[in-house]
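Let me begin by presenting the structure, written as C-alpha cells, before commenting on it.
Protein chains in written order, with this note's numbering: chain A, 1 to 174; chain B, 175 to 302.
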C-alpha cells in the first residue's frame, strides 16, 4: 500500500492555499475493515489527507528546504461520514509560517458540505538531527507524495499546451 | 495599553485552546509543563497563538530561549553557574528567577515557564 491519501491537486497557490481531491473506493482495503458491511473512511485518514495537503503547502512555501513533520492537531471536528464512492475535497489555508514551523486551517468537504474542520501544526525539523533519528525517507515528502504535486503541474502544463494548440489550430480567416 | 488582568485573561484563553486544559487550571503560578502538561511541541503552538491573539511578533528563541544549557560554561554539575544565571536573566528578563536562583538545577528550568511569565512577556511586547 502506498501512503498517499490525496489523489490530485485541483488548486495550488504557493504559500497560501491548496485544494486536493480524495476519491474513496472499495479497492481500498481499510474500508472493508472499517467497518464490515458499512465502509466508512476513518477520520484519522481524512486528517492524514488534510495533513499531506497542508504538509506539501508548507514545504513548498520554503522550497522544500526544511523537513516538515506533523507536530500537533490542536482541534479536529467531524460533522459526518464519507463512504465508498464519495469524493472528498480538502481545502487547506496556510495561516502562520515561521522558521520553526507552520499552522494550517484544514477543511474537508463532501458534496459541498463541511465534513471536517481541523487546525494542524507542522514543525520544521533540524535537518541533521532529523536524518540521525529518522533517516531521509520517513517524512511528509516522500517522492511518491511529491509526485502528486508534480502530476498537477504536468497536467496544468498539458492543459495550457492543449489550449494553445487548439487556438493555433483555428482556421485562418484571411 | 491593556492591564495585567486583561492580558492574563487572554493568555488564559490562549492556553485553554493550545493545551486543552480547563480555564480554572490556568492560574498565574501554574507552570506550563508541570501543571498544564505542555510538551515541547506545544511551545511552538503557544507562540503562534500569542502572536495571533495579541498582534505581536515573537522572534525565535525570545520567549522560550534555545540552547541555554548547551554551553559548558553555563552549567556545572547539573546546575547553572553564576555566569549561567546571569545569561538566563539576560535572555529571560520577564521571568521571575528569585526562587529558581536558590536551587538552579537545569532540570528545574521548566518551572520558570509559568502563566505569569507569559503575561509579563506580552506586557513587555505591548509596551515596547
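From the three backbone atoms N, C-alpha and C, an ideal C-beta is built for every residue, glycine too.
7 Å Cβ cutoff met for residue i and residue j
i: residue 120 of chain A; j: residue 54 of chain A; result: yes
i: residue 91 of chain A; j: residue 107 of chain A; result: yes
i: residue 174 of chain B; j: residue 193 of chain B; result: Since the first and last residues shown for chain B are 175 and 302, residue 174 of chain B lies out of range.
i: residue 287 of chain B; j: residue 206 of chain B; result: yes
i: residue 34 of chain A; j: residue 42 of chain A; result: yes
Per-residue contacts from residue i into chain B (C-beta, under 7 Å)
i: residue 123 of chain A; result: 215, 218
i: residue 100 of chain A; result: 218, 234
Contacts that residue i makes with chain A (C-beta to C-beta distance below 7 Å)
i: residue 192 of chain B; result: 74
Segment limits, beta strand (DSSP E) that includes residue i
i: residue 98 of chain A; result: 87–98
i: residue 45 of chain A; result: Counting along the chain, residue 45 of chain A falls outside any beta strand (DSSP E), though it belongs to the alpha helix (DSSP H) covering 43–61.
i: residue 69 of chain A; result: 67–78
i: residue 13 of chain A; result: 8–13
Where residue i meets chain B, residues with beta-carbon distance less than 9 Å
i: residue 59 of chain A; result: Residues of chain B passing the Cβ test: none, with the nearest at roughly 17 Å.
Separation of residue j from residue i, as counted between CA atoms
i: residue 50 of chain A; j: residue 105 of chain A; result: 9 Å
i: residue 282 of chain B; j: residue 274 of chain B; result: 8 Å
i: residue 145 of chain A; j: residue 175 of chain B; result: 48 Å
i: residue 69 of chain A; j: residue 124 of chain A; result: 7 Å
i: residue 248 of chain B; j: residue 56 of chain A; result: 40 Å
i: residue 222 of chain B; j: residue 278 of chain B; result: 29 Å
i: residue 280 of chain B; j: residue 234 of chain B; result: 21 Å
i: residue 13 of chain A; j: residue 71 of chain A; result: 23 Å
i: residue 224 of chain B; j: residue 40 of chain A; result: 38 Å
i: residue 242 of chain B; j: residue 256 of chain B; result: 14 Å
i: residue 95 of chain A; j: residue 250 of chain B; result: 42 Å
i: residue 301 of chain B; j: residue 203 of chain B; result: 22 Å
i: residue 163 of chain A; j: residue 116 of chain A; result: 36 Å
i: residue 48 of chain A; j: residue 65 of chain A; result: 22 Å
i: residue 77 of chain A; j: residue 89 of chain A; result: 16 Å
i: residue 271 of chain B; j: residue 186 of chain B; result: 22 Å
i: residue 93 of chain A; j: residue 298 of chain B; result: 31 Å
Counterpart residues of residue i in DSSP-defined beta bridges
i: residue 22 of chain A; result: A:88
i: residue 217 of chain B; result: Bridge partners of residue 217 of chain B: none, in fact.
i: residue 107 of chain A; result: A:91, A:117
i: residue 124 of chain A; result: A:68
i: residue 35 of chain A; result: None, per the DSSP bridge assignment.
i: residue 250 of chain B; result: B:253
i: residue 40 of chain A; result: A:83
i: residue 101 of chain A; result: A:98, A:123
Boundaries (first-last residue) of the alpha helix (DSSP H) holding residue i
i: residue 257 of chain B; result: 256–265
i: residue 290 of chain B; result: 289–301
i: residue 272 of chain B; result: 272–276
Chain A contact residues for residue i, given Cβ-Cβ distances below 9 Å
i: residue 226 of chain B; result: 95, 96, 103
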